[in-house]
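*Asks:* Take this structure first; my questions come after.
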Amino acid sequence: MLWTLRSPKIWALPCRPPQRSFSFTLGRRLPRVLAEGAPKPPVFREEVAKARELPSFTDAVRNVPVRNQILFFIAGSVGAFALGAHLTNYELFKWWGYIVSTPQAGLRSSQPPTSDELARAKYWAFGRKLQNGLASLRAALEPLPETMKAMVVWSYVQVFQPILNASEGKRMCWAIGAVNCAVFLAWRVPRWNAFLMRSFTHNPLSGRSYTLLTSAFSHENFFHLAFNCMALASFGAAAAQQLTIRMRKVEQERGSLAEPSSKWHLLALFISGGIFAGLVSHVAYARWIYPRTISRLKAATPSPSTLRSGASATAGSAESAGASAAAKSAVATASKTASEGQYSLGSSGAIYAMFAITAFGFPDAEVTFVIPPWIPIPIHTAFSALLAFDFVGVLMGWRFFDHFAHLGGAAFGAFWYVYGAKIWYTLRDWDLPAAYHYHGKARLEKKKEPSP
Numbered sequence: 002m003l004w005t006l007r008s009p010k011i012w013a014l015p016c017r018p019p020q021r022s023f024s025f026t027l028g029r030r031l032p033r034v035l036a037e038g039a040p041k042p043p044v045f046r047e048e049v050a051k052a053r054e055l056p057s058f059t060d061a062v063r064n065v066p067v068r069n070q071i072l073f074f075i076a077g078s079v080g081a082f083a084l085g086a087h088l089t090n091y092e093l094f095k096w097w098g099y100i101v102s103t104p105q106a107g108l109r110s111s112q113p114p115t116s117d118e119l120a121r122a123k124y125w126a127f128g129r130k131l132q133n134g135l136a137s138l139r140a141a142l143e144p145l146p147e148t149m150k151a152m153v154v155w156s157y158v159q160v161f162q163p164i165l166n167a168s169e170g171k172r173m174c175w176a177i178g179a180v181n182c183a184v185f186l187a188w189r190v191p192r193w194n195a196f197l198m199r200s201f202t203h204n205p206l207s208g209r210s211y212t213l214l215t216s217a218f219s220h221e222n223f224f225h226l227a228f229n230c231m232a233l234a235s236f237g238a239a240a241a242q243q244l245t246i247r248m249r250k251v252e253q254e255r256g257s258l259a260e261p262s263s264k265w266h267l268l269a270l271f272i273s274g275g276i277f278a279g280l281v282s283h284v285a286y287a288r289w290i291y292p293r294t295i296s297r298l299k300a301a302t303p304s305p306s307t308l309r310s311g312a313s314a315t316a317g318s319a320e321s322a323g324a325s326a327a328a329k330s331a332v333a334t335a336s337k338t339a340s341e342g343q344y345s346l347g348s349s350g351a352i353y354a355m356f357a358i359t360a361f362g363f364p365d366a367e368v369t370f371v372i373p374p375w376i377p378i379p380i381h382t383a384f385s386a387l388l389a390f391d392f393v394g395v396l397m398g399w400r401f402f403d404h405f406a407h408l409g410g411a412a413f414g415a416f417w418y419v420y421g422a423k424i425w426y427t428l429r430d431w432d433l434p435a436a437y438h439y440h441g442k443a444r445l446e447k448k449k450e451p452s453p
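Under my numbering, the sequence shown has 150 at position 149, and the numbering climbs by one with no breaks.
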């Protein structure tokens, strides 16, 4: 047959698989470098000796920082009050120069004006501005029918007359409320929700500090916004009046330092009170709520021995299944709280500061709730009841309101009621030479020039 005619040399071709014995010996052609450079197999005793003790669960969890937030509060508060003092001094020289250059205002210009004279000058100038606007509006509406002109003029008066009659503090509260409403409308845009959640809510686990300020102007819920705006308009205007009263008492002790209005003082108080309230909430979460959450998570997590015993046991009864479900639920809740933190927003902390100043400054005043029953309550009773409610919320661990922020805002308001006027006077006194150099020198030199 043909296959018997093949030569045995054909099996020497490379296509034939090599034959190798079971035991492998290093051949002559294989370099000895591979044998010398081969890694040595690990020794069990040496590996155990190198092993380090693993950190515990509590040690491995990161701590929530508070240093940067404290520094932000210090810098933000000092900056807010310093800027407010400078703007107040700027208005002092601005309206002083206005009195000098406007004798028809009916104010004296032979000596430095008082706070009341500066306030009257501002009111008179603002009224003249609104009157000129009304005259321009009537001229623009001349071609229209009389009925339509009367309707437009009536609307103009109804809008701007309350603004003219309102105090400077209430106007500032309206301006803050307008900013709050703008941020609330931004929440209604779904595309901006991620940005607002990151930059206009404060989360202690985020590590951000500037959100202590921006979260004070942020409201996601309409009722939250409406209630805070109404409380801000009420207590903010009263707090501005009380700041003026406290400032005049300090002027009697240290010397006259007139101011046209307390609106910049009120704005600085709102900013600083809001930041401090957020800081108290942040520190409380970092040093109390978060460690307790980690402890509950550690206690709710079963140990390895428990898992092994549970795995070796037979399928349990309904009680064991319910306990296991409760444990899993507790672990899930604590794990979510520990990983996501808590988000806080709103002006409640700053409003509590104004509420405290109003309660201490006007102890005989009464407040009425915006919801029925509309029964007048003494302001010190309402303030004490709210503080008691927040204390109970802190002890019980309620999460619907930020009770720590409320208590922090009230504490800041009490502090500023006692020491705020003296600090404000000192800041304005320090800034007075610089404000005169940049804003008052050019205006008041017109007084010395002889009239032609």
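Backbone N, C-alpha and C fix where the C-beta goes; we use that ideal spot for every residue, glycine too.
Nothing here was measured: the structure is a model prediction, and the numbers come from that model.
(1) Rounded to the nearest angstrom, what separates ARG309 and ARG297 at their Cα positions?
(2) Going by CA-CA distance only, name the one from GLU254, GLY208, TRP96 that's closest to PRO113.
(3) Given a threshold of 16 other Cβ atoms within 10 Å of its Cβ, counted over all protein chains shown, does PHE196 qualify as buried or as exposed?
(4) The alpha helix (DSSP H) that contains PHE94, what's its start and end?
(5) Less than 8 Å between the CB atoms is what I'm expecting for ALA357 and GLY275, so what's the real figure, rounded?
(6) Does DSSP put ALA339 in a helix, in a strand, or in coil?
(7) When the Cβ atoms of the stretch 121-139 are set against those of the stretch 198-211, are three or more pairs found closer than 8 Å?
(8) Given this structure, state the Cα-to-Cα distance separating TYR418 from GLY409, to the nearest angstrom.
(9) Sorted by chain position, which residues of the same chain lie with C-beta nearer than 7 Å to GLN70's C-beta, five sequence neighbours on each side aside?
(10) Between ALA167, HIS220, ALA443, which has its C-alpha nearest TYR344's C-alpha?
(11) Can you say whether LEU258 is buried or exposed, counting buried as having 16 or more other CB atoms within 10 angstroms of its CB?
(12) To which residues of the same chain is ALA335 closer than 7 Å at the C-beta, ignoring the five residues directly before and after it?
(13) Looking only at its chain, what residues have a beta carbon closer than 7 Å to the beta carbon of LEU88, apart from the 5 residues adjacent to it on each side?
(14) Hey, out of LEU433, HIS438, ALA436, ARG429, whose CA is closest to VAL79's CA?
(15) At 3 residues or longer, what runs of the beta strand (DSSP E) sit wholly inside the stretch 270-307?
(16) Looking at the secondary structure, which residues open and close the alpha helix (DSSP H) in which ALA354 lies?
(17) If you drop the 5 nearest sequence neighbours on each side, which residues of the same chain put their C-beta closer than 7 Å to that of GLU252?
(18) On the three-state DSSP scale, how would you describe PRO373?
(19) Rounded to whole angstroms, what's the CA-CA distance from MET149 to MET248? Just pull it up for me.
(20) Distance check for PHE185 and HIS225, CA to CA, integer angstroms please.
(21) So the candidates are GLY347, ARG199, PHE405, PRO379; which of them puts its Cα closest to the Cα of ALA287?
(22) Measuring CA to CA, which of PRO434, ALA126, MET355 is closest to ILE100?
(23) Between the C-alpha atoms of GLY350 and PRO292, what's the straight-line distance to the nearest angstrom?
(24) Mapping the DSSP letters down to three states, classify PRO379 as helix, strand or coil.
(25) Would the stretch 378-390 and the stretch 355-369 be scored as touching if the rule is three or more Cβ pairs under 8 Å?
(26) Counting along the chain, where does the alpha helix (DSSP H) carrying ALA167 start and finish?
(27) Measure the alpha-carbon distance for PHE416 versus LEU267 and round it to whole angstroms.
(28) So is GLN242 buried or exposed if we call it buried at 16+ other beta carbons inside 10 Å?
(29) Where GLY414 and TYR353 are concerned, what is the direct C-alpha to C-alpha distance, given to the nearest angstrom?
(30) Just reading off the alpha helix (DSSP H) that ARG255 is part of, what are its end residues?
(31) Using a Cβ-Cβ cutoff of less than 7 Å, which residues in the same chain neighbour ASN90 once the five nearest sequence positions on both sides are dropped?
(32) What does the alpha-carbon distance come out to for the pair PRO451 and LEU244?
*Replies:* Taking the definition as stated:
(1) Here ARG309 scores only 48 on pLDDT, less than 50, and its place in the model is too uncertain to base an answer on.
(2) That would be TRP96, whose Cα lies nearest to the Cα of PRO113.
(3) With fewer than 16 Cβ atoms within 10 Å of its Cβ, PHE196 is classed as exposed.
(4) Its alpha helix (DSSP H) spans residues 68-102.
(5) Contact check for ALA357 and GLY275: beta-carbon distance about 14 Å, past the 8 Å limit, so the pair fails to qualify.
(6) Residue confidence is low: ALA339 scores 47 on pLDDT, short of 50, so the model does not pin down where it sits. Its coordinate-derived value is still stated next. Per DSSP, reduced to three states, the secondary structure at ALA339 is helical.
(7) Put simply, the stretch 121-139 does not touch the stretch 198-211. Fewer than three CB pairs are less than 8 Å apart.
(8) Put simply, the backbone Cα of TYR418 is about 14 Å away from that of GLY409.
(9) Counting only Cβ-Cβ distances below 7 Å, and skipping sequence neighbours, we find SER210, LEU213, LEU280, HIS283.
(10) If we check each option's Cα against that of TYR344, HIS220 comes out closest.
(11) Per the 10 Å Cβ criterion, buried.
(12) Confidence in ALA335 is poor, its pLDDT being 49 and thus under 50, which makes the residue's placement unreliable; the coordinate value appears in the next sentence. Cβ neighbours of ALA335 beyond the five flanking positions: THR294, ARG297, LEU298, ALA301.
(13) The residues are TRP265.
(14) Nearest option by C-alpha distance: ARG429.
(15) You should have found no qualifying run.
(16) 349-362 is the span of the alpha helix (DSSP H), which, as asked, contains ALA354.
(17) Around GLU252: LEU258.
(18) The answer is coil: DSSP assigns PRO373 none of H, G, I, E or B.
(19) Roughly 48 Å between the two C-alpha positions.
(20) Going by the C-alpha atoms only, they are around 10 Å apart.
(21) With respect to the C-alpha of ALA287, the residue from GLY347, ARG199, PHE405, PRO379 having the closest C-alpha is PHE405.
(22) Checking every option, the nearest Cα to that of ILE100 belongs to ALA126.
(23) Whole-angstrom Cα-Cα distance: 24 Å.
(24) Here PRO379 sits in strand by DSSP.
(25) Three or more beta-carbon pairs separated by less than 8 Å link the stretch 378-390 to the stretch 355-369, which places the two stretches in contact.
(26) Where ALA167 is concerned, there is no enclosing alpha helix (DSSP H), given that its DSSP letter is neither H nor E.
(27) One C-alpha to the other measures close to 15 Å.
(28) Buried is the call here.
(29) About 7 Å.
(30) Its alpha helix (DSSP H) spans residues 223-255.
(31) Non-local C-beta neighbours of ASN90 in its own chain, meaning closer than 7 Å and more than five positions away in sequence, comprise ARG429, ASP432, LEU433, ALA436, ordered along the chain.
(32) Confidence is the limiting factor: at PRO451 the pLDDT is only 48, short of 50, which leaves the residue's position unreliable, though a coordinate-based value still follows. Using only the alpha carbons, I get a separation of about 39 Å.
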